[in-house]
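Here's the structure, in structure tokens; my notes come after.
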Amino acid sequence: MTSDTTTLDASAPRLEVDTLIDDPHTRIVVCCGSGGVGKTTTAAALGVRAAERGRKVVVLTIDPARRLAQSMGISELDNVPRQVKGVDETAGGELHAMMLDMKRTFDEIVEGHADADRARAILENPFYQSLSAGFAGTQEYMAMEKLGQLRANDEWDLIIVDTPPSRSALDFLDAPKRLGSFLDGKFIRVLMAPAKVGGRAGMKFLNVGMSMMTGTLSKLMGGQLLRDVQTFVAAMDTMFGGFRTRADATYRLLQAPGTAFLVVAAPERDALREAAYFVERLAAEQMPLAGLVLNRVHGSGAAQLSAERALAAAEALTDRMAEDTHADGPAEAEPAPDAAAGPAPDRTENNLEATGIVDHDGGKAGSRTAGGLSPAAAAEHVTPTSASAAQLAAGLLRLHAERMQVLARERRTRDRFTALHPEVPVTEVAALPGDVHDLAGLRAIGDRLALNPTDTDDPTNTED
16 MTSDTTTLDA SAPRLEVDTL IDDPHTRIVV CCGSGGVGKT TTAAALGVRA AERGRKVVVL
76 TIDPARRLAQ SMGISELDNV PRQVKGVDET AGGELHAMML DMKRTFDEIV EGHADADRAR
136 AILENPFYQS LSAGFAGTQE YMAMEKLGQL RANDEWDLII VDTPPSRSAL DFLDAPKRLG
196 SFLDGKFIRV LMAPAKVGGR AGMKFLNVGM SMMTGTLSKL MGGQLLRDVQ TFVAAMDTMF
256 GGFRTRADAT YRLLQAPGTA FLVVAAPERD ALREAAYFVE RLAAEQMPLA GLVLNRVHGS
316 GAAQLSAERA LAAAEALTDR MAEDTHADGP AEAEPAPDAA AGPAPDRTEN NLEATGIVDH
376 DGGKAGSRTA GGLSPAAAAE HVTPTSASAA QLAAGLLRLH AERMQVLARE RRTRDRFTAL
436 HPEVPVTEVA ALPGDVHDLA GLRAIGDRLA LNPTDTDDPT NTED
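Heads up: the sequence shown at position 33 corresponds to 48 in my numbering, and the numbers run straight through without jumps.
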């Protein structure tokens with residue numbers, strides 16, 4: 016038998032969100048999880064709450080959707096932090112937000128690590144333009160680069176990162192290694208060899224020693240593309256080591272005590288299975304995990320009424336209605352007026368109606384006046400009204416039973432996760448009745464993130 020309550024087990028550690036964001040030693044919070052679980056909203060809500068509690072915060076989103084800008088009242092987010100208006104700054108905090116522009120970030124790296132002529136050659140190179148705009152892993156790598164830049168400036172008390180939506184967990188951790196391996200790989204070294212040898216000797220080396228390989232590459236890539244790649248590699252030669260160095264530095268930053276990872280999941284089997292993978296991978300990479308945010312958890316204001324009892328009551332009401340209908344039998348038709356008897360009297364004109372006397376002037380008790388029905392008319396109206404109420408009550412009971420079944424399923428799914436990972440602190444965020452589209456909605460999410468389930472006086476503790 017499963018419980019219908021949605022509160023966490025007493026043995027499960029609770030994630031204290033306010034303690035986390037108030038700690039001055041916490042400098043980076045990374046929200047990760049599978050797609051569609053509310054990472055962007057969670058990151059934005061944490062940013063609003065931290066800023067209104069006195070910290071200078073920047074939220075970096077990698078999500079290509081514009082939800083974060085819309086919810087913060089900003090017309091557009093770009094690669095530069097923009098201050099969010101409407102945040103309560105009485106505690107001394109500020110909130111800024113930005114959205115990663117991976118090509119612009121790549122351009123900034125080139126401009127910052129090459130002289131003007133070489134930088135221009137790289138930026139105008141067709142292969143570089145393709146690489147910076149859509150090479151696999153570039154977005155995640157540039158997210159790491161931008162995080163490193165923000166942290167190096169030391170301008171922010173707290174950096175909150177909304178990681179890219181991806182089916183492959185922690186792609187943003189793997190991307191620097193993948194891009195570094197590509198730039199340090201055999202393919203790049205082969206293309207760099209002619210430039211390193213130099214001039215005609217280099218071309219001779221390329222033509223004699225690698226004619227078969229370049230011929231194949233020319234067929235696969237096209238001769239012009241191969242030349243673009245060679246030009247790009249020659250221009251980037253002095254920068255390749257820097258990519259690897261910066262990637263390693265940012266990776267170590269993510270492992271540092273000042274970083275906290277929050278895994279965001281919905282109370283669904285697939286999402287929590289992905290969350291379990293995140294938790295295990297973070298542990299393997301020695302990344303500091305703060306806890307799990309279980310998002311969009313359903314609740315009920317009548318949790319004491321179980322699904323079984325609600326269904327039983329609905330069935331009892333339905334059976335009673337069926338019995339009453341059978342006992343009453345078919346209604347008798349009113350006899351038609353006799354045509355030979357002449358026209359029917361005008362009931363309205365004579366203060367008469369089918370349901371009794373109507374006193375148009377004074378209105379007597381028991382008469383059908385503007386204020387009520389006669390006893391006979393009231394009796395006629397009791398049965399259909401009661402039937403409608405019973406039908407409505409039965410429908411509501413069935414809806415409640417469905418809600419309690421959802422609650423029980425979410426509880427079982429969550430309990431499986433906590434049984435596998437009892438050391439992971441968890442906080443639950445009750446589902447809102449609508450979408451979050453402004454700062455007020457983000458504050459509501461922030462309140463629910465920090466809400467203790469024992470605080471039953473808080474109206475956001477349940478949702479029905």
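All C-beta atoms in this analysis are idealised placements derived from N, C-alpha and C, irrespective of residue type, glycine included.
Asked, Found
"Presumed contact (8 Å Cβ cut-off) between Thr442 and Val308, rounded CB distance", "6 Å"
"Arg427 to Val421 span [Cα, whole Å]", "10 Å"
"Pairwise C-alpha distance: Pro440 and Arg29", "5 Å"
"Secondary structure of Met114, DSSP reduced to three states", "strand"
"Three-state class that DSSP yields for Lys71 in the structure shown", "strand"
"Rounded C-alpha distance that separates Ile137 from Gly127", "12 Å"
"Residue closest to His452, alpha-carbon to alpha-carbon, out of Ile36, Arg42, Thr55", "Thr55"
"With 16 other Cβ atoms within 10 Å as the buried cut-off, status of Pro437", "exposed"
"Minimum C-alpha distance to Ile174 - residue among Pro141, Met113, Met157", "Met113"
"Cβ neighbours of Ala325 in the same chain (closer than 8 Å, five flanking residues each side left out)", "Leu412, Arg413, His415, Ala416, Met419"
"Opposing strand residues paired with Phe276 [DSSP bridges]", "Val45, Leu304"
"DSSP three-state assignment for Asp177, whether helix, strand or coil", "strand"
"As assigned by DSSP and simplified to three states, the class of Val63", "helix"
"Rounded straight-line distance, which links the Cα of Leu287 to that of Phe220", "Summary for Phe220: the model assigns pLDDT 45, below 50, so the residue's position carries little reliability; its value from the coordinates is reported in the next sentence. Their Cα atoms are separated by approximately 55 Å."
"Rounded separation between Leu464 and Arg259 - CA only", "37 Å"
"Leu457 and Ala59 closer than 7 Å at C-beta", "yes"
"Which of helix, strand or coil DSSP assigns to Thr76", "strand"
"Through-space distance from Ala280 to Gly62, alpha-carbon basis", "18 Å"
"Straight-line gap, Arg383 to Ala405 (C-alpha atoms, nearest Å)", "Low confidence applies here, because Arg383 scores a pLDDT of 43, under 50, leaving its location unreliable and the question unanswered by this model."
"Glu295, enclosing alpha helix (DSSP H) - first and last residue", "284 to 299"
"Inter-residue Cα distance where the pair is Glu495 and Gly69", "Residue 495 cannot be examined here, being either before or after the span of the chain that is shown, 16 to 479."
"Cβ-Cβ distance between Ala423 and Gly314 below 7 Å", "no"
"For Ala134, the first and last residue of its enclosing alpha helix (DSSP H)", "131 to 138"
"Between the CA atoms of His40 and Thr265 - distance to the nearest angstrom", "18 Å"
"Helix, strand or coil at Glu31 [DSSP, three-state]", "coil"
"As assigned by DSSP and simplified to three states, the class of Leu232", "For Leu232, the predicted structure reports a pLDDT of 42, less than 50, and the residue's modelled location is therefore unreliable. A value from the coordinates is still provided. DSSP places Leu232 in helix when its eight states are reduced to three."
"Where Val312 sits in the DSSP three-state scheme", "strand"
"Proximal residues to Asn140 (C-beta, below 8 Å), its chain only, five neighbours per side dropped", "Asp243, Thr246, Phe247, Ala250"
"Thr333 - DSSP class collapsed to helix/strand/coil", "helix"
"6 Å CB neighbourhood of Pro282 in its chain, flanking five on each side removed", "Leu309, Val312, Glu425, Thr428, Arg429"
"Exposure label - Asp169; buried when at least 16 CB within 10 Å", "exposed"
"N- and C-terminal bounds of the alpha helix (DSSP H) containing Ala158", "153 to 168"
"Which of helix, strand or coil DSSP assigns to Val212", "Because the pLDDT of Val212 is 48, which lies under 50, any placement of that residue in the model is unreliable, and the number read from its coordinates should be weighed accordingly. Note: Val212 maps to helix in three-state DSSP."
"Outcome for Thr34 when other beta-carbon atoms lying within 10 angstroms are tallied against a minimum of 16", "exposed"
"DSSP three-state assignment for Val451, whether helix, strand or coil", "coil"
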